[in-house]
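Just below is one structure, and these are the notes that go with it.
Residue numbers (this note's numbering): 3 to 645.
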């Protein structure tokens, strides 16, 4: 499987403070002590900043815990009628509601119970305003109306979760409010974050103040949405407090935050059991024997040998590029006060020797064979470029001494890896060519049939990646990462309208900043699959949607410990696979595994697809050592969802 990111905060969650053998699987277990710690931190934010913190039920709606949470939080926000009813019935406090659109029967039920309603468009506000006015005329309490805006400032890296992406349906843009009658609106609501720190809020809030000053001047309250990772250990709480207090001082508004994930972050476990193990020929032997999964060793290059070219994978390419970069760095360290000639000579010797030793040398004869049927394309002065139409890829031969504009081979290869990591490119290191024209680095990219992107399109593309334009063709991120040479010649727009960088420079990234490839070569023996009594698609769908790699206590990447397995779910969906893991001991049927950070979003997004058993919902109280079964799901729950 391809490597998916591991959210770093999951390593902050402690091991269960209860004996997992006491838990019947599958089960979600929420530690009430950990939940209370989070709630106490959020309560301090309320007290120190003067804002109100609401529970976003779309992230966590385990109402069995509402008596605990209402001790600390001011209320709930809801994404529709049912969540609003749940908040009204089970939580109390304030009820704030937002949805992309409302229907008449929903509004009739929402008006008596909601304290704030945020509308997604002026059309929705105008449609339902008469109903609010009529209820007010009857002497009824009515919710304070607000409008959701799109700050047009995006630093969310995953498009699926980016509410400020171009064309997003969520929130109204500033240009749509120009010249409009905004009388009667009492609130401004924006939501633009996802698992982010307070520095992102500060920049987003600045965009809101710049784009919506007229609306800000008239409203009574501002809801700054969710996505604030407040309870993560590394979150900058003092900055959050300062940002909120300074905003209140400037505008004199009531301020609301509505984190959902932060409320239950690192408080829940999913405990599951191994039901079967398939494809395991000899459980006593270490499963992973492929060279691709051996740990790197600076004393030898044997670990970077790969099968012949036809069976190499992108993961092989990335591992080889990393190994060559390290070899170049080691060689450079061996030169005392090098001049330019010495550096170039050492670099050339290292490229040739490493490629020869590790099977990545492409001779002139081999190169002639590879490009024999290829079409030569126009390349820049630093590249020879060939199109292999059958493979659908472009082969680039990049020349010293500067290797494009990077100045040296190691920087060029680091840029290749950075483009794959940060821009999801498919740029593969193919080897080192030793031919009549001298040494060159060979790489390949998918052939793109498209047009040059426009400058506004390029601006929007990098803006969506959280970058601001420094100057022509150059964009920068707050952490110092920069992209250069991002001109229309180097970024194409395909028929679907997607922008595809083909030759840009990423600066400010070191090799150690980039994750190592976790794939294996095609000749490696397939991993045995441990089938669990849970499901990725039914019980932890974010692992497939985000995607991300859930953490299992005691487990590691598949090449790190002696016994590696692919973990699969109980449904018939072929892709119901959680990820690949390794363990210090062989897995056995009935062994229990503990997934961490499984309280927020996971429980609210579960299904009973395939009629698989839904995990129990359990609480653990460390004060009494009580494991309490809150809910067990059965056949009737499955049946009632069907017709």
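Quick reminder that beta carbons are idealized off the backbone N, C-alpha and C, glycines included.
Span separating the alpha-carbon of residue i from that of residue j
i           : j           : result
residue 541 : residue 534 : 12 Å
residue 152 : residue 126 : 16 Å
residue 292 : residue 529 : Low per-residue confidence applies at residue 292: pLDDT is 25, beneath 50, and the placement is therefore not dependable, though the value from the model is reported in the following sentence. Each residue's alpha carbon lies about 11 Å from the other.
residue 449 : residue 388 : 10 Å
residue 328 : residue 425 : 23 Å
residue 643 : residue 101 : 23 Å
residue 67  : residue 261 : 16 Å
residue 92  : residue 65  : 7 Å
residue 310 : residue 591 : Legend: pLDDT at residue 310 = 38, less than 50; position of this residue unreliable, value from coordinates given subsequently. Cα to Cα, the separation comes out at about 38 Å.
residue 63  : residue 489 : 47 Å
residue 472 : residue 237 : 27 Å
residue 177 : residue 216 : 12 Å
residue 629 : residue 623 : 7 Å
residue 23  : residue 233 : 29 Å
residue 317 : residue 430 : 9 Å
residue 470 : residue 160 : 18 Å
residue 149 : residue 402 : 57 Å
residue 444 : residue 154 : 40 Å
residue 16  : residue 510 : 34 Å
residue 423 : residue 550 : 14 Å
residue 296 : residue 359 : Low local confidence applies: a pLDDT of 29 at residue 296 is under 50, so the model's placement there is unreliable, with the coordinate-based value given in what follows. Cα to Cα, residue 296 sits roughly 17 Å from residue 359.
residue 613 : residue 640 : 7 Å
residue 405 : residue 414 : 6 Å
residue 364 : residue 513 : 25 Å
residue 436 : residue 442 : 7 Å
residue 13  : residue 25  : 22 Å
residue 367 : residue 323 : 23 Å
Sheet register partners of residue i (DSSP bridge)
i           : result
residue 599 : None, per the DSSP bridge assignment.
residue 15  : Paired residues: none, contrary to the question.
residue 150 : 191
residue 78  : 57 and 97
residue 594 : 275
residue 581 : 569
residue 377 : 389
residue 280 : 531
First and last residue of the uninterrupted alpha helix (DSSP H) at residue i
i           : result
residue 246 : 239 to 253
residue 563 : Where residue 563 is concerned, there is no enclosing alpha helix (DSSP H), given that its DSSP letter is neither H nor E.
residue 371 : 366 to 373
residue 465 : 457 to 466
residue 87  : 83 to 88
residue 507 : Residue 507 -> not in any alpha helix (DSSP H); beta strand (DSSP E) instead, spanning 507 to 509.
residue 484 : Where residue 484 is concerned, there is no enclosing alpha helix (DSSP H), although the beta strand (DSSP E) it sits in stretches over 484 to 486.
residue 629 : Careful: residue 629 lies outside any alpha helix (DSSP H), inside the beta strand (DSSP E) at 628 to 633.
residue 345 : 342 to 360
6 Å CB neighbourhood of residue i in its chain, flanking five on each side removed
i           : result
residue 242 : 200
residue 601 : 32, 266, 269 and 270
residue 286 : Residue confidence is low: residue 286 scores 35 on pLDDT, short of 50, so the model does not pin down where it sits. Its coordinate-derived value is still stated next. Contacts found: none.
residue 34  : 621 and 623
residue 398 : 385, 387 and 445
residue 378 : 388
Residues near residue i in its chain [Cβ-Cβ closer than 7 Å; skip 5 each side]
i           : result
residue 410 : 349
residue 631 : 618 and 620
residue 552 : 542, 545, 580 and 597
residue 202 : 157 and 195
residue 331 : 412
residue 219 : none
residue 144 : 113, 134, 137 and 138
residue 111 : 83
residue 369 : 435 and 437
residue 479 : 468 and 469
Delimiting residues of the beta strand (DSSP E) encompassing residue i
i           : result
residue 262 : Taken as a continuous stretch (DSSP letters only), residue 262 belongs to no beta strand (DSSP E), as it is neither H nor E.
residue 444 : 440 to 448
residue 620 : 618 to 623
residue 503 : 501 to 503
residue 400 : 395 to 400
residue 225 : 223 to 225
residue 435 : 430 to 437
Nonlocal neighbours in the same chain, by C-beta distance under 8 Å from residue i, ignoring five residues either side
i           : result
residue 547 : 162
residue 227 : 191, 192, 193, 194, 195, 259 and 260
residue 146 : 117, 118, 119, 188, 189, 222 and 223
residue 96  : 54, 56, 76, 77, 78, 117 and 118
residue 52  : 246, 247, 250 and 257
residue 475 : 486, 487, 488 and 489
residue 345 : 334, 337 and 410
residue 300 : Residue placement at residue 300 is poorly supported in this model, since its pLDDT is 31, which falls under 50; the coordinates are not used for a value here.
Quiz prompt | Segments of 4+ residues assigned as alpha helix (DSSP H) that fall wholly inside the segment 173 to 209 | solution = Within the segment 173 to 209, the complete alpha helix (DSSP H) runs of at least 4 residues are 176 to 179.
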